[in-house]
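**Q**
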Amino acid sequence: MIVGENSRSDDMDVNITKEKKLTNMRSSTADEFERLVPARKLSLEQCLEYCRDDECVEVTPIAVRLRKVELAQVEREKQRARAKRAG
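For the sequence shown, the tail end lands on 99 under my numbering, and the numbers increase by one without skipping.
1) Please give the ranges of any alpha helix (DSSP H) in the segment 24-82, keeping only runs that are unbroken, at least 4 residues long and fully inside the region.
2) Taking the alpha carbon of Q58 as the reference point, which residue from N27, L34 and L78 has its own alpha carbon closest?
3) If you measure from the beta carbon of A75 to each beta carbon in chain C, is any gap under 8 Å?
4) For the segment 83-91 against the segment 48-55, are there 3 or more C-beta pairs whose distance is under 8 Å?
5) Cutting at 8 Å between CB atoms, please list the residues of its own chain near E67, excluding the five before and the five after it.
Right, here's the structure in full:
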């Protein structure tokens, strides 16, 4: 699933289920919480306008979601390389 926006044109692969690794070292500044901007609720039309060529829109009775067509990051890299060679 697409979880955020990146200011660059390429994709950033992240694993949102991994937690921050804690170390035994203390820092001079305490860890601060990141302020997150609430998710935007997009309509079906907005999702279709926002989606790229390698993304699709999933529509269920409860939600409208954006996601990658190819979920595996390795396969997306292979497809990107093939497209680069072909065109």
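Where is the CB? At the ideal position from N, CA and C, for every residue including glycine.
**A** According to the data block:
1) 56-62
2) L78
3) The question asks about chain C, but that chain is absent: this structure has only one protein chain.
4) no
5) I14, L78, R79, K80 and V81
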